[in-house]
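Only one structure is covered here, and it is reproduced in the block below.
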């Protein structure tokens, strides 16, 4: 039995998803706010301390047999990503999917012409699988395997070269043409891929409109409070950064994050991205103000 989200009965209209709380409504009390749903990730002490493993109760336009198919793929992707650190684990995918659902719904409301051509199942599974073959993690896994095999004097196996995205899609009974499309989209999401070959990604964005939403959903997750938290988490978990100054996780604003709002493909994604970047700028001002205290003693 697949674990499902406990929020299926919660009306979508009961929460404002697009507009952040205004400063005047911020609670500065030292008493924690009430825990509205202890099954979902959250910041109170009543929320789970372990990463969430919930699958999705709903996604706009994905129902019936497509929902069952999506659940099978999601279960495989969730298990695959259980070895990732908490900046790129299943909770990250949950948030990317939530962003995509919001962007897709809002763009339908705006009556954006190209959105009507989108297949919501492709959007959902593109989000779910976009980090499955992430080089940041697979290279580490490959080195670890190679070291173990050298120690045991074994030959490299073909498992290292397996296309896990296609494997999970095809073993979940996704038809080959649909699986190929989802694989193409999932591999075209990343910022580094677009920077390396912008012409190719531009062609894919024109060919596969679903990619526009998946890209935006992932990039929104890189901005704002969650984006900053994930940046600290990734730098803390990655051996390439562990011995660097903690400032590296804020310096990353100028390496990549400042570019993302201008790279959004949808009006909704741009609004969300600009709001997330504004928050990061406010955070950085406070961060730099506290850091400048070092000038008193150093």
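In UniProt numbering, the protein residues as written are 1 to 298.
By construction, the Cβ of each residue, glycine as well, lies at the ideal position given by its N, Cα and C atoms.
Computed from a prediction, not measured in an experiment: that's the story for all the values here.
Task: Simplified DSSP assignment, three categories, for residue 234 - done: Counting from 1 along the chain shown, the entry for residue 234 is found at position 234. Three-state DSSP puts residue 234 in a helix.
Task: Span of the alpha helix (DSSP H) around residue 118 - done: Taking the chain shown and counting its residues from 1, the one referred to as residue 118 is at position 118. Following the DSSP letters along the chain, one finds residue 118 in no alpha helix (DSSP H), marked with neither H nor E.
Task: Beta-carbon separation (whole angstroms), residue 69 vs residue 172, contact threshold 8 Å - done: Taking the first residue of the chain shown as 1, we reach residue 69 at position 69. Taking the first residue of the chain shown as 1, we reach residue 172 at position 172. That pair is a contact at about 6 Å.
TODO: Would you mind stating whether residue 307 and residue 61 have Cβ atoms separated by less than 8 Å?
DONE: Outside the shown range of the chain, which is 1 to 298, sits residue 307, and nothing can be said about it.
Task: Sequence-distant residues of its chain with Cβ nearer than 8 Å to residue 34 (five each side left out) - done: Numbered from its first residue, the chain shown carries residue 34 at position 34. If we look at residue 34 and ignore the five residues flanking it on each side, its Cβ neighbours are 44.
- [ ] Determine the closest residue to residue 208 out of 111, 115, 228, 174, with distance taken between C-alpha atoms.
- [x] Locating residue 208 in the chain shown gives position 208, where the first residue counts as 1. Of 111, 115, 228, 174, the residue nearest in Cα terms is 115.
Task: residue 202 (DSSP reduced to helix, strand or coil) - done: Position 202 of the chain shown holds residue 202. DSSP places residue 202 in helix when its eight states are reduced to three.
Task: Beta-carbon proximity list for residue 221, same chain, < 8 Å, skipping 5 on both sides - done: To locate residue 221, count along the chain shown from 1; it is residue 221. Closer than 8 Å at the Cβ level, and outside the excluded window around residue 221, lie 92, 95, 96, 99, 227, 230.
Task: Reference residue 125, options 162, 105, 78, closest by Cα - done: As a working note, residue 125 is residue 125 in the chain shown. That would be 78, whose Cα lies nearest to the Cα of residue 125.
Open item on the list: Measuring straight from C-alpha to C-alpha, what distance separates residue 253 and residue 211?
Closed with: Within the chain shown, numbered from 1, the residue matching residue 253 stands at position 253. Within the chain shown, numbered from 1, the residue matching residue 211 stands at position 211. Cα to Cα, residue 253 sits roughly 24 Å from residue 211.
- [ ] For residue 298, count neighbouring C-beta atoms within 10 Å of its own C-beta (all shown protein chains included) and say buried if the count is 16 or more, exposed if not.
- [x] Within the chain shown, the letter at position 298 stands for residue 298. Counting the other CB atoms within 10 Å of its CB gives residue 298 a total below 16, which places it among the exposed residues.
Open item on the list: Would residue 131 and residue 88 qualify as a contact pair, given that the criterion is a beta-carbon distance under 8 Å?
Closed with: For the purposes of this step, residue 131 is identified with residue 131 of the chain shown, where counting begins at 1. For the purposes of this step, residue 88 is identified with residue 88 of the chain shown, where counting begins at 1. Taking C-beta atoms as the reference points, residue 131 and residue 88 count as a pair closer than 8 Å.
Open item on the list: Give me, in chain order, the residues of the same chain whose beta-carbon lies closer than 7 Å to that of residue 179; leave out the 5 immediate sequence neighbours on both sides.
Closed with: Counting from one through the chain shown, the residue named residue 179 turns up at place 179. Apart from the 5 residues on each side of it in sequence, residue 179 sits with its Cβ closer than 7 Å to the Cβ of 166, 169, 170 in its chain, given in chain order.
- [ ] Taking only the alpha-carbon atoms, compute the straight-line gap between residue 206 and residue 28 and give it to the nearest angstrom.
- [x] The count along the chain shown starts at 1 and reaches residue 206 at position 206. The count along the chain shown starts at 1 and reaches residue 28 at position 28. Rounded to the nearest angstrom, the two C-alpha atoms are 46 Å apart.
TODO: Assuming residue 280 contacts residue 257 (C-beta within less than 8 Å), just tell me the rounded distance between them.
DONE: Mapped onto the chain shown, residue 280 falls at position 280. Mapped onto the chain shown, residue 257 falls at position 257. Confirmed, about 7 Å.
TODO: Using beta-carbon positions only, say whether residue 223 and residue 260 come within less than 8 Å of one another.
DONE: To locate residue 223, count along the chain shown from 1; it is residue 223. To locate residue 260, count along the chain shown from 1; it is residue 260. Contact: yes.
Task: Closest by C-alpha distance to residue 265, when choosing among 50, 52, 107 - done: Reading the chain shown from its first residue, position 265 is the one you call residue 265. Residue 107 is the option with its Cα nearest to residue 265.
TODO: Determine the direct distance from the alpha carbon of residue 245 to that of residue 37, and round the result to whole angstroms.
DONE: Your numbering for residue 37 matches position 37 in the chain shown. Your numbering for residue 245 matches position 245 in the chain shown. Spanning the alpha carbons of residue 37 and residue 245 requires a straight line of approximately 37 Å.
Task: C-beta atoms of residue 122 and residue 182 nearer than 8 Å - done: Numbered from 1 along the chain shown, position 122 holds the residue referred to as residue 122. Numbered from 1 along the chain shown, position 182 holds the residue referred to as residue 182. Going by beta carbons, residue 122 and residue 182 fall inside the 8 Å limit.
- [ ] Rounded to whole angstroms, what's the CA-CA distance from residue 255 to residue 41? Just pull it up for me.
- [x] Residue 255 sits at position 255 when you count from the first residue of the chain shown. Residue 41 sits at position 41 when you count from the first residue of the chain shown. The straight-line gap from Cα to Cα measures roughly 29 Å.
- [ ] Apply the 10 Å Cβ neighbour rule to residue 200 and answer buried if 16 or more other Cβ atoms are within range, or exposed otherwise.
- [x] The residue you call residue 200 lines up with position 200 of the chain shown. Result: exposed.
Task: Host alpha helix (DSSP H) of residue 168 (start-end) - done: In the chain shown, counting from the first residue as 1, residue 168 sits at position 168. 164-170 is the extent of the alpha helix (DSSP H) around residue 168.
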